[in-house]
Structure formats: structure tokens, C-alpha cells
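From first to last, the protein sequence lines are chains U and Z. Residue numbering for the first sequence follows my numbering, beginning at 103 and increasing consecutively. Residue numbering for the second sequence follows my numbering, beginning at 103 and increasing consecutively. The beta carbon of each residue, even a glycine, is placed where N, CA and C say it ideally should be. For reference, the structure is listed below as C-alpha cells.
Protein chains: 2
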Amino acid sequence: MAAPESAPAASARTTPDATRRSEKSRRAIYDAALGLVAEVGYAKTTVEGIAARAGVGKQTIYRWWSSKADVLLEAFLDLSEQAAREAGQAPYVIPDTGDVAADLRAVLRATVDQLRDPRFEAPSRALAAEGVVNEQLGRVFVAKLLEPSLRLYVDRLRAAQRAGQVRADVDPRIALELFVSPLAQRWLQYTGPISHEYTDTLVDYALNGLAPR
Amino acid sequence: MAAPESAPAASARTTPDATRRSEKSRRAIYDAALGLVAEVGYAKTTVEGIAARAGVGKQTIYRWWSSKADVLLEAFLDLSEQAAREAGQAPYVIPDTGDVAADLRAVLRATVDQLRDPRFEAPSRALAAEGVVNEQLGRVFVAKLLEPSLRLYVDRLRAAQRAGQVRADVDPRIALELFVSPLAQRWLQYTGPISHEYTDTLVDYALNGLAPR
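Structural data, given as C-alpha cells:
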């Protein structure tokens, strides 16, 4: 983020070295937060524990974040962006090649890969488990981490409606659940294996319907 | 269960009063197990705690069950059967009126009612949360509590395939996820409100597909 015009002094004080040190601390804090929540769960993760593991003072964390939930939230956003970059994808984009089936298959295959990424799996499960029994936290994390992705599906389905590839009368926010939720439930509850073939099948069933045409 | 022919003495010793006392203890243990897991979560629920709350000795629990997971499993099966009886439904049955859309709408509406039942909600959430981070327990509870219900959908969809109402080439075990999983995810992750209108919509989208016909 560019420094605002009104704060030239603060901007001048931030030397390249200080920025590099900050960036290093920030990354150590993210790694510590994700590692700790994966190992001990959300309830037992504390700001003190994150600070100790990251090798920084507690006050360094409180300078940037107001709570452990805030730290974890940003750590997850950062992790998702990293994973997308490494996979050669722009984060927060669903392609629009004009073929809605192909585009949905591609994005769901990428999601399968992310769900199987060990860096992502354990901390995500810890957070999801807490969200099931802690409604307030569940709602915050869904709003910040899940809904932004779901809105991309809404946009892509709206484009498909304009192109005549999806029925004009369907509500895209519900429609997307026909392929997103089965994958989520298999991952969360171990109700079945997840694979590219599986998500391709979901896209076929959802678009074409279970009833004969 | 009828006493086996080879054990007439044991059978004779079980007076109506003893049976009634046993049944009362069993129900107190189920209630204690469900209440405790809802309040403190799965990890902190112990056989000792269940016994104390039920007003029975620990050895009474170990006479009938081998672990807290076993007690909880049976307590949930009992709760689901009770809820079905009270709703005037036979447990473990999906109706077959010949109209697959109507039958799916009916069973999903009943599921919505059960998910909103306060007796069911807190203990179910506690168990589901543990299952997300404890793969072994998650798999056992899915196999014992969830899969038997899912098999009913498989059977109903197979009948619909024979009647020509569902495509012959779909895999019923995947197809059922188009309406079951969205409801499960909304309930587990607070990703949206659940209602009869919502599940009716899922059945429409799943059977007819998102693409225009």
C-alpha cells in the first residue's frame, strides 16, 4: 500500500532494511499461527504462543493485529494467495473462456489440489472445526475467507446466464452450492474421496441435471 | 431382543422391575452423554463425567459400552429414532410415491426440521466438529450415523432410474450429494439460512439442471 500524502515523515522513516525485517516477522508470525492452530486447535492457540513460536514479542503482534482470530484470518488469506501464485493462477479469479462447464471444471480441479495441500489442510481443518461449534467465529471466517470465493462463482454463473448457458431463473448463490458443497462435505466429513474426476462429475450433474433431457 | 433358548435362567431373573430400571438408566446415560458433549465438547467428555451426570456407576456404563464413542453413537441413533417417531415418520425410510421430486422434497423438509431441533443441534455440532479434526472418529460416525441415511437416497434414486425419472448413467451415491451436501454445508458452516423453500429449490436445480432445457 502506498503511504498517504499526508504522512511523508513516516514513509521516510521506513528504510528498506526495516521493511525487510518487518516482512520477515510478519511471515514468521503467519507460519507460527498456522502451525500452532494445526497442532493444538483454535481454543488453545494464544497470541503469547504465536509470539513465542515466531520469536517476536507479544507487543509486535498487538501492534499489527487485535486478536488471534485477526492473525489467523490474515495468515489464511496470505496462504491462499501464495498457493494460487504457485499454481500459476491469479487469486480471486475464475476464468471466462465462454464455456462455463470447462471453466467450472478448471476452478474445481484447482480447489481439489489446494484441499490436498498439506500446508493448507491441518490449519484449515482446525479452523473449520472451531467454526462448527463457535457460531460467531464460524460466521466471521466464512464472511472473510469463503464468501469472497463464492462471489466469484456468482459472477461467473451470472455471465453464463447472460450467455444463455445457465437458466435465467436460477439463483446463482444457491446454484453454486450444487458443486461447491459436495466437495466441501467430502473434505470436511470424510464422506468420500476427492479427485478431479469427482468434481468433473459434479459439474456435469449440476449443469445437465439428474433427470433425462 | 428375545432371550436365547439356552439362557432361561438369566431370562427368568430379569423381572419387569429390573428391565424398567435398566431402561431408565440407559435413557439417563444417553441424556447425560448428549448433554455433556454439547456443553464441553467431545475431547472433554469422559465416561466418568457421563456416569456422574446420569447418577450411575462407571461400571454400569462399561457393562454395556466399551468407550465414550460407543455411548455417544448409540445415544445419537436413539435420538434420531425418537425424533422420527415424534414426527410421525418411520426411521430409515424414504417414501416412494412414484414422484421422485415430491419424495425428495418431503424427506429434505423433515431433515431441515431435525437440524433445527435444539435437542439435536448442540450435540451434533460437537460431534461434527470433532470429526473434522479427528479423522478416525469422523469416519466411524459417518459410517454409523450418516451413511445409513445416504443409502436410503441411493435406493430411492435407483428406483427413480428404473422409472425413467433419473438418468440411467448417473451414480446415485454422487447424485444425492447435489441436494444433501448444500444443506449440510449451510448447517455446518453457517454459509446461509436453511428452510423448506431452500431445500425445495435444491431438488429443482438438481433434477432439472442449471442449463436451460
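Notebook entry, point to check: How big is the Cα-Cα spacing for U:L290 and U:T301?
Noted result: 15 Å
Check: Hey, which unbroken runs of the alpha helix (DSSP H) at 4 residues or more fall wholly within the stretch 232-298 of chain U?
Finding: 237-243, 249-264, 274-277 and 279-291
Next item on the list: With a 10 Å radius around its C-beta and 16 neighbouring C-beta atoms as the bar for buried, classify U:T293 as buried or exposed.
Entry: buried
Notebook entry, point to check: Nearest CA to the CA of U:L181: which residue from U:Y255, U:L259 and U:D219?
Noted result: U:D219
Check: In this structure, does DSSP put U:D133 in helix, strand or coil?
Finding: helix
Check: Quick one, which of U:T121, U:P118 and U:A135 has its alpha-carbon nearest U:A228's?
Finding: U:A135
Check: So, is U:S283 buried or exposed, given that buried needs 16 or more other C-beta atoms within 10 angstroms?
Finding: Looking at its Cβ environment, which holds 16 or more other Cβ atoms inside 10 Å, U:S283 is buried.
Next item on the list: List the residues of chain Z whose Cβ lies closer than 8 Å to the Cβ of U:R241, in chain order.
Entry: Y292
Margin query: Any C-beta of chain U within less than 7 Å: which residues of the stretch 211-223 of chain Z qualify?
Written below: Taking 7 Å as the upper bound on Cβ-Cβ separation, chain U lies near no residue of the stretch 211-223 of chain Z.
Item checked: Extent of the continuous alpha helix (DSSP H) run through Z:W166 -> It spans K160 to W166 - the alpha helix (DSSP H) in which Z:W166 sits, taken as one unbroken run.
Notebook entry, point to check: Just checking, does the stretch 241-257 of chain U make contact with the stretch 273-280 of chain U on the three C-beta pairs under 8 Å criterion?
Noted result: yes
Margin query: Can you pull the chain Z neighbours of U:L309, defined as C-beta to C-beta under 7 Å?
Written below: G311, L312 and A313
Margin query: Taking the straight line between their C-alpha atoms, what separation do you get for Z:A105 and Z:W166?
Written below: Low confidence applies to Z:A105: its pLDDT is 36, below 50, so where it sits in the model is not reliable enough to give any reading.
Notebook entry, point to check: CA-CA distance, Z:A232 and U:V235?
Noted result: Before going on, a small fix: residue 232 of chain Z reads as Glu here, not Ala. Each residue's alpha carbon lies about 10 Å from the other.
Note to self: With distance defined between alpha-carbon atoms, name the residue in U:A208, U:S124 and U:E183 nearest to U:R221.
What the structure shows: U:E183
Margin query: Helix, strand or coil, according to DSSP, for Z:S226 in the structure here?
Written below: helix
Next item on the list: Just tell me which of Z:R211, Z:V209, Z:K146 and Z:L138 has its CA closest to the CA of Z:A156.
Entry: Comparing Cα positions, the closest option is Z:L138.
Notebook entry, point to check: Thinking C-beta only, is U:E125 closer than 9 Å to U:A224?
Noted result: no
Margin query: What would DSSP say about U:V333, mapped onto helix, strand or coil?
Written below: Only positions 103 to 315 of chain U appear in this structure, which leaves residue 333 of chain U out of reach.
Notebook entry, point to check: Can you tell which of U:K146, U:Q161 and U:L179 has the C-alpha that lies nearest to the C-alpha of U:S127?
Noted result: U:Q161
Next item on the list: Out of U:E249, U:L312, U:G311 and U:R264, state which residue places its alpha-carbon closest to the alpha-carbon of Z:Q287.
Entry: Checked all of U:E249, U:L312, U:G311 and U:R264; the closest Cα to Z:Q287 is U:E249.
Note to self: Quick check: what's the CA-CA separation for Z:G266 versus U:L174?
What the structure shows: 50 Å
Check: At a CB-CB cut-off below 8 Å, which residues of chain Z make contact with U:V272?
Finding: Y307 and L312
Margin query: Buried or exposed, going by whether 16 or more other CB atoms sit within 10 Å of the CB of U:Y307?
Written below: buried
Note to self: I want to verify the contact list: residues of chain Z whose CB lies under 8 Å from the CB of U:V235, in sequence order.
What the structure shows: G143, R227, A228 and A231
Notebook entry, point to check: Whose C-alpha, out of Z:R269, Z:E299 and Z:R315, is nearest the C-alpha of U:P314?
Noted result: Of the candidates Z:R269, Z:E299 and Z:R315, the one whose C-alpha sits nearest the C-alpha of U:P314 is Z:R269.
Check: By how many angstroms is the C-alpha of Z:R207 removed from the C-alpha of Z:R264?
Finding: 20 Å
Check: When the Cα atoms are used, what is the spatial distance from U:T147 to U:D172?
Finding: 13 Å
Item checked: Boundaries (first-last residue) of the alpha helix (DSSP H) holding U:A145 -> For U:A145, there is no enclosing alpha helix (DSSP H), since its DSSP letter is neither H nor E.
Notebook entry, point to check: Taking 8 Å as the cut-off, does the CB of Z:K170 come closer than this to any heavy atom belonging to the ligand GDP?
Noted result: Absent from the structure shown: the ligand GDP. Ligands present: none.
Check: Quick one, are the C-beta atoms of Z:L247 and Z:L179 less than 9 Å apart?
Finding: yes
Checklist line | Proximal residues of chain Z, C-beta to C-beta of U:G266 below 8 Å | finding: P314
Note to self: I'd like to know whether the C-beta atoms of Z:L210 and Z:L309 end up nearer to each other than 9 Å.
What the structure shows: no
Check: From U:V202 to Z:G311, what distance separates their C-alpha atoms?
Finding: Z:G311 has its alpha-carbon roughly 14 Å from the corresponding atom of U:V202.
Notebook entry, point to check: Where U:A245 and U:L239 are concerned, what is the direct C-alpha to C-alpha distance, given to the nearest angstrom?
Noted result: 10 Å
Next item on the list: State the Cα-Cα distance for the pair Z:G151 and Z:D271, rounded to the nearest angstrom.
Entry: 51 Å
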